[in-house]
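Heads up: the structure comes next, in structure tokens.
Residue numbers (the numbering used here): 209 to 802.
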């Protein structure tokens, strides 16, 4: 990783000399003014570490820590080639704001973790040149991340286990992996962000209730947006343009509305797998180098009132996707030279017209007389093709950022400080490597500590099922725990109420019977079984996994929402849960603790 930063900073020096040689006097004066503003607005400051509320006071930061008067970390230039993190704040309950700072350190720009709900605001900062993450949030629910420039790091913004965060108006560009990376939580809003020239613009996973509004994802190396395992989301009025592979990749997600977006000049416009019960409405999907929309294993969606035109391959390509409704779209000049602008392979019950109005889609290569043939392995048709294009209310055209404004406001101060950083970097490269190794060791030590807890002798795991003859033990790894599982299983099923919950779920922590000062996390789910199933359960078996651990370890378990998301994803692997190995069972220990 350090070698990549060396290359980046040498490139920065080249840019500086090119600027000095080729820019006209007006441009040079603008550069000088930018540097003057930079020097006037920032005060040099050492990296900041805050591990308790009292540290805000001992650090001399203004404010009282209330919502009306938060502690303020502002107007600092925090540049270091030896310190791993610029601003590290954890385990606080007071309100604070980080604003108008320039941060360039080794691994992390800003790292916020385990802070009070809605106590964090990070506004108008420039965060650049980090080996790992520019801005990291862990368990920082209610945070506001607004108008920051997060540039040239490995990941730009990473938020994990954070509910109700607002990510607004940020510029996340030139990051090696992801511009914005968000995992595990609910109620997030991403609005007005600009993500360009990352590997992936936005990657969001394991979330519920998401709003992604008015963002721009432009010229990312792999994908503009990746959405995985999301329930109940709005993806509205975004611009996804010139991304090298997929514009929008959405997998194993449900109830995600995709409306009034411009999806242009990507390799593929929208690609879906396991996408269901959703709506694609009033989007402009054109001039993509392959397909406009690709469905795979995607059922019960409505695709209506979209402008799908000039895509090099099919406007819609559907494979093994059932019960979709597709009507009142304009298909214009897709798959030129081919027989059809749409393709259907292995689908069932897809309808290419509105069954109420008996109106289908407009196809620019249909010349009247009969139905429109959908190409593919099955015989699909639009029985009611339209003679004229649909008049679709057109969303406002995207406004692209002026690259010269971005250049003059952001790039000159970065180049200026990069030169200084490079000189210091060369002088202190040995120290930098030691700090890097220390940071990696600390991360690995933390993970190893959690694994030791999960697999310690006083933590037990057991898998039960409820079948024809009541509950019985499938497998267990109790280590040193002395526990009568036949009695314990009755307690577990009585606790969760068999028959009262017909979906996967996680319960706990709860007191563990027969073991003083022990708690239990209970996971429940349905599955098939090699043994005869209880006829009352309609061919399924009801399974339960219990993780028993000392009450003193409550502080080390992960959040229940995080646990539930990991569990739901993991349990999908087991069509027959009774075939779980002990190794499979023990992975639940990591779900609880790591």
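For each residue, glycine too, the CB sits at the ideal point set by N, CA and C.
Quick check on residue i: does DSSP put it in helix, strand or coil?
{"i": "residue 610", "result": "Interpretation of residue 610 is limited by its pLDDT of 46, a score under 50 that renders its predicted location unreliable; the figure taken from the coordinates is listed afterwards. The answer is coil: DSSP assigns residue 610 none of H, G, I, E or B."}
{"i": "residue 803", "result": "Any answer about residue 803 is impossible in this case: the structure gives the chain only from 209 up to 802."}
{"i": "residue 597", "result": "coil"}
{"i": "residue 670", "result": "strand"}
{"i": "residue 784", "result": "coil"}
{"i": "residue 576", "result": "coil"}
{"i": "residue 662", "result": "helix"}
{"i": "residue 303", "result": "coil"}
{"i": "residue 499", "result": "coil"}
{"i": "residue 340", "result": "coil"}
{"i": "residue 779", "result": "helix"}
{"i": "residue 711", "result": "Caution applies to residue 711, whose pLDDT of 49 falls short of 50 and renders its modelled position unreliable; the value that the coordinates give is listed next. Coil, per DSSP."}
{"i": "residue 699", "result": "helix"}
{"i": "residue 792", "result": "helix"}
{"i": "residue 462", "result": "strand"}
{"i": "residue 264", "result": "helix"}
{"i": "residue 450", "result": "coil"}
{"i": "residue 567", "result": "strand"}
{"i": "residue 512", "result": "strand"}
{"i": "residue 285", "result": "strand"}
{"i": "residue 802", "result": "coil"}
{"i": "residue 655", "result": "helix"}
{"i": "residue 540", "result": "strand"}
{"i": "residue 312", "result": "strand"}
{"i": "residue 738", "result": "coil"}
{"i": "residue 727", "result": "strand"}
{"i": "residue 774", "result": "helix"}
Assign residue i to one of two classes, buried (16 or more other C-beta atoms within 10 Å of its C-beta) or exposed (fewer than that).
{"i": "residue 354", "result": "buried"}
{"i": "residue 800", "result": "buried"}
{"i": "residue 789", "result": "exposed"}
{"i": "residue 402", "result": "buried"}
{"i": "residue 729", "result": "buried"}
{"i": "residue 381", "result": "buried"}
{"i": "residue 547", "result": "exposed"}
{"i": "residue 318", "result": "buried"}
{"i": "residue 657", "result": "exposed"}
Measuring only the C-alpha atoms, how far is residue i from residue j?
{"i": "residue 283", "j": "residue 476", "result": "43 Å"}
{"i": "residue 418", "j": "residue 388", "result": "14 Å"}
{"i": "residue 509", "j": "residue 461", "result": "12 Å"}
{"i": "residue 323", "j": "residue 556", "result": "50 Å"}
{"i": "residue 665", "j": "residue 694", "result": "21 Å"}
{"i": "residue 718", "j": "residue 264", "result": "37 Å"}
{"i": "residue 513", "j": "residue 536", "result": "5 Å"}
{"i": "residue 568", "j": "residue 454", "result": "27 Å"}
{"i": "residue 217", "j": "residue 275", "result": "Note that residue 217 scores 49 on pLDDT, short of 50, meaning its location in the model is unreliable and no value can be drawn from it."}
{"i": "residue 543", "j": "residue 437", "result": "31 Å"}
{"i": "residue 277", "j": "residue 390", "result": "29 Å"}
{"i": "residue 347", "j": "residue 492", "result": "37 Å"}
{"i": "residue 440", "j": "residue 366", "result": "21 Å"}
{"i": "residue 786", "j": "residue 697", "result": "16 Å"}
{"i": "residue 446", "j": "residue 311", "result": "29 Å"}
{"i": "residue 511", "j": "residue 330", "result": "38 Å"}
{"i": "residue 575", "j": "residue 588", "result": "18 Å"}
{"i": "residue 692", "j": "residue 680", "result": "12 Å"}
{"i": "residue 254", "j": "residue 337", "result": "17 Å"}
{"i": "residue 478", "j": "residue 663", "result": "42 Å"}
Looking only at DSSP bridge pairs, what is residue i linked to?
{"i": "residue 552", "result": "526"}
{"i": "residue 298", "result": "321"}
{"i": "residue 752", "result": "672 and 732"}
{"i": "residue 346", "result": "321 and 368"}
{"i": "residue 415", "result": "393 and 438"}
{"i": "residue 689", "result": "Paired residues: none, contrary to the question."}
{"i": "residue 398", "result": "375 and 420"}
{"i": "residue 589", "result": "581"}
{"i": "residue 489", "result": "467 and 512"}
{"i": "residue 768", "result": "None, per the DSSP bridge assignment."}
{"i": "residue 535", "result": "512"}
{"i": "residue 680", "result": "673"}
{"i": "residue 517", "result": "494 and 540"}
{"i": "residue 476", "result": "454"}
If contacts are defined as beta-carbon pairs under 8 Å, then residue i and residue j qualify, I think. What distance do you get, rounded to the angstrom?
{"i": "residue 819", "j": "residue 466", "result": "Past the edges of the chain, shown from 209 to 802, lies residue 819, and the structure says nothing about it."}
{"i": "residue 483", "j": "residue 515", "result": "That pair is no contact at about 20 Å."}
{"i": "residue 304", "j": "residue 281", "result": "7 Å"}
{"i": "residue 392", "j": "residue 653", "result": "Actually they are not in contact, since the Cβ atoms of residue 392 and residue 653 sit about 23 Å apart, beyond 8 Å."}
{"i": "residue 464", "j": "residue 458", "result": "6 Å"}
{"i": "residue 674", "j": "residue 682", "result": "That pair is no contact at about 11 Å."}
Taking 8 Å as the CB-CB limit, is residue i close to chain D?
{"i": "residue 545", "result": "Of the protein chains in the structure, only one exists, and it is not chain D."}
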